[in-house]
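One structure is given below, encoded as structure tokens.
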Amino acid sequence: LLVTLPERIPGSQVFPFHFYREALREAHGADISEVNLDAFLDGSVQVTGATVVAFQTEYDLDEALRDRILARIRETSPGARVVYLDWFAPTDLRYAELLGPHVDLYVKKHVLRDRSLYGTETFGDTNLMDYYGRAHGLDHTPVRFPIPDGFLDKLMVGPSFATADFILPTLDRAVLPTGERPIDLHARIAVGGTPWYQAMRAGCHEAAEGLTGLNVVTGTGIRHDQFLAELRSSKVCFSAFGYGEVC
Numbered sequence: 080l081l082v083t084l085p086e087r088i089p090g091s092q093v094f095p096f097h098f099y100r101e102a103l104r105e106a107h108g109a110d111i112s113e114v115n116l117d118a119f120l121d122g123s124v125q126v127t128g129a130t131v132v133a134f135q136t137e138y139d140l141d142e143a144l145r146d147r148i149l150a151r152i153r154e155t156s157p158g159a160r161v162v163y164l165d166w167f168a169p170t171d172l173r174y175a176e177l178l179g180p181h182v183d184l185y186v187k188k189h190v191l192r193d194r195s196l197y198g199t200e201t202f203g204d205t206n207l208m209d210y211y212g213r214a215h216g217l218d219h220t221p222v223r224f225p226i227p228d229g230f231l232d233k234l235m236v237g238p239s240f241a242t243a244d245f246i247l248p249t250l251d252r253a254v255l256p257t258g259e260r261p262i263d264l265h266a267r268i269a270v271g272g273t274p275w276y277q278a279m280r281a282g283c284h285e286a287a288e289g290l291t292g293l294n295v296v297t298g299t300g301i302r303h304d305q306f307l308a309e310l311r312s313s314k315v316c317f318s319a320f321g322y323g324e325v326c
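Per this note's numbering, numbering of the sequence shown is gapless, rising by one per residue and ending at 326.
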């Protein structure tokens with residue numbers, strides 16, 4: 080059972096379970112069901128007897144919501160393995176202490192290569208805030224997210240942007256795009272945001288704008304389908320980091 084949020088970015092984490100539904104059933108005897116988190120909590124949609132329940136939450140998870148979700152899981156699917164699907168952009172493990180003792184697996188879209196760095200202090204919430212905060216002399220508060228014993232054994236890498244519903248079917252065909260690629264560098268980089276984010280992305284935008292002798296596409300404000308069409312016509316895409324290290 081997937082307990083999810085009805086939004087595009089969280090959706091990229093669960094779409095592959097539906098896309099490969101038949102393969103999962105054939106290989107593992109798995110049946111996939113999905114229910115919105117709100118409907119799961121209020122009981123308006125009920126799925127009972129699941130052997131595994133994987134759930135997502137918004138970015139503001141607290142003890143009260145955690146306890147409501149866990150109680151509902153135990154009520155509807157007692158004995159199920161519990162998995163948290165962390166769809167957030169940063170690599171940090173801010174919910175390790177809150178969720179660690181209560182889940183069997185913790186799935187992120189990306190993790191640090193050196194996992195011993197988890198639990199250490201950063202200048203701001205994330206590695207990116209730390210780096211750009213120091214580089215630009217910004218006013219960040221040091222933060223440390225505790226990592227419970229045994230938590231890293233539960234941590235695993237799962238689906239990400241590449242498994243979104245508008246990307247995975249194309250990748251699954253394993254056919255390279257054909258035709259001309261007149262755009263040398265695709266660099267449509269939004270700049271506005273918090274101070275460290277703006278500093279990071281402004282530097283990227285300026286570097287792309289400063290290139291000469293190449294067909295470079297910059298700027299923002301085009302439709303999603305136009306954006307994807309441009310990518311198919313590009314030799315290279317420069318995607319600066321977002322608010323986390325996933326881009």
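Glycine included, every Cβ here is placed at the ideal spot set by N, Cα and C.
Because the structure is a prediction, the values reported are computed rather than measured.
Give every residue of the same chain whose Cβ lies closer than 6 Å to the Cβ of residue 217, excluding the five residues on either side of it in the sequence, and list them in chain order.
Residue 217 sits at position 138 when you count from the first residue of the sequence shown. Answer for residue 217: 274, 275, listed in chain order.
If we ignore side chains and look at the alpha-carbon of each, how far apart do residue 140 and residue 156 end up?
For this step, residue 140 is matched to residue 61 along the sequence shown. For this step, residue 156 is matched to residue 77 along the sequence shown. Their backbone Cα atoms lie some 22 Å apart in a straight line.
Could you pull the start and end residues of the alpha helix (DSSP H) that residue 91 belongs to?
Mapped onto the sequence shown, residue 91 falls at position 12. It spans 87-98 - the alpha helix (DSSP H) in which residue 91 sits, taken as one unbroken run.
With distances taken between CB atoms, is the gap from residue 212 to residue 203 smaller than 7 Å?
Taking the first residue of the sequence shown as 1, we reach residue 212 at position 133. Taking the first residue of the sequence shown as 1, we reach residue 203 at position 124. The answer is yes: Cβ separation under 7 Å.
To which residues of the same chain is residue 80 closer than 6 Å at the C-beta, ignoring the five residues directly before and after it?
As a working note, residue 80 is residue 1 in the sequence shown. Taken in chain order, the residues that qualify are 112, 126, 129, 132.
Rounded to the nearest angstrom, what separates residue 287 and residue 298 at their Cα positions?
Along the sequence shown, read from residue 1 onward, the residue named residue 287 stands at position 208. Along the sequence shown, read from residue 1 onward, the residue named residue 298 stands at position 219. Taking the straight line joining both Cα atoms gives about 11 Å.
DSSP three-state call for residue 212: helix, strand or coil?
What you label residue 212 is simply residue 133 of the sequence shown in a count that begins at 1. Helix at residue 212.
Completely contained alpha helix (DSSP H) runs for the region 239-273, where each covers 4 or more residues:
247-252
Is it true that the CB of residue 313 sits closer than 7 Å to the CB of residue 246?
Locating residue 246 in the sequence shown gives position 167, where the first residue counts as 1. Locating residue 313 in the sequence shown gives position 234, where the first residue counts as 1. Cβ atoms of residue 246 and residue 313: not closer than 7 Å.
Taking C-beta to C-beta, are residue 83 and residue 135 nearer than 7 Å?
Position 4 of the sequence shown, counting from 1, holds the residue named residue 83. Position 56 of the sequence shown, counting from 1, holds the residue named residue 135. Yes, Cβ-Cβ distance for residue 83 and residue 135 is below 7 Å.
Continuous beta strand (DSSP E) assignments of at least 3 residues falling wholly in the region 88-155:
113-115, 131-134
Could you tell me the alpha carbon to alpha carbon distance between residue 214 and residue 180, rounded to whole angstroms?
By one-based count along the sequence shown, residue 214 stands at place 135. By one-based count along the sequence shown, residue 180 stands at place 101. Roughly 37 Å separates the two Cα atoms.
By Cβ distance, which residues of its chain are closer than 8 Å to residue 183, with the 5 residues on each side in sequence left out?
As a working note, residue 183 is residue 104 in the sequence shown. Cβ within range, chain order: 160, 161, 162, 233.
What three-state label does DSSP hand residue 185 in the structure shown?
As a working note, residue 185 is residue 106 in the sequence shown. Three-state DSSP puts residue 185 in a strand.
Mind reading off the beta-carbon distance from residue 230 to residue 91? Whole number of angstroms is fine, and I expect it under 8 Å.
As a first step, residue 230 is located in the sequence shown; it is residue number 151 there, counting from the start. As a first step, residue 91 is located in the sequence shown; it is residue number 12 there, counting from the start. Residue 230 to residue 91, Cβ: 24 Å. No contact.
Which residue's Cα is closest to the Cα of residue 323: 317, 253, 188, 282?
Sequence index remark: in the sequence shown, residue 323 carries index 244 (1-based). Comparing Cα-Cα distances from residue 323 to each of 317, 253, 188, 282, the minimum goes to 188.
Starting from residue 310, trace the alpha helix (DSSP H) in both directions and tell me its first and last residue.
Position 231 of the sequence shown, counted from the first residue, corresponds to residue 310. Residue 310 -> alpha helix (DSSP H) spans 303-311.
Within a Cβ cutoff of 8 Å, which residues of the same chain sit near residue 281, ignoring the five residues on either side of it in sequence?
Here residue 281 refers to the residue found at position 202 of the sequence shown. Result list for residue 281: 270, in chain order.
Would residue 266 and residue 317 qualify as a contact pair, given that the criterion is a beta-carbon distance under 7 Å?
Here residue 266 corresponds to residue number 187 of the sequence shown, with the count starting at 1. Here residue 317 corresponds to residue number 238 of the sequence shown, with the count starting at 1. It is a contact, given that the beta carbons lie within the stated cut-off.
Residues in the same chain with beta-carbon distance under 8 Å from residue 142, minus the five sequence neighbours each way, listed in chain order, please.
On the sequence shown, position 63 is the one that residue 142 refers to. Cβ neighbours of residue 142 beyond the five flanking positions: 177.
For residue 109 and residue 151, the rounded distance between their alpha carbons
Indexing the sequence shown from 1 puts residue 151 at position 72. Indexing the sequence shown from 1 puts residue 109 at position 30. Distance between the alpha carbons of residue 151 and residue 109 is about 22 Å.
Our contact map puts residue 242 next to residue 95 with C-beta atoms below 8 Å; I'd like the distance itself, whole angstroms only.
As a position in the sequence shown, residue 242 is number 163, starting the count at 1. As a position in the sequence shown, residue 95 is number 16, starting the count at 1. Residue 242 to residue 95, Cβ: 4 Å. Contact.
First and last residue of the uninterrupted beta strand (DSSP E) at residue 293:
Numbered from its first residue, the sequence shown carries residue 293 at position 214. Residue 293 -> no beta strand (DSSP E), and no H or E assigned at all.
So who's on the other strand from residue 283, going by DSSP bridges?
The sequence position of residue 283 within the sequence shown is 204, counting from 1. Residue 283 pairs with nothing; no bridge assigned.
Whole angstroms are fine: how far does the CA of residue 145 sit from the CA of residue 278?
For this step, residue 278 is matched to residue 199 along the sequence shown. For this step, residue 145 is matched to residue 66 along the sequence shown. Approximately 35 Å, taken between the alpha carbons.
Whole angstroms are fine: how far does the CA of residue 153 sit from the CA of residue 283?
The residue labelled residue 283 in the question sits at position 204 within the sequence shown. The residue labelled residue 153 in the question sits at position 74 within the sequence shown. Spanning the two alpha carbons is a distance of roughly 48 Å.
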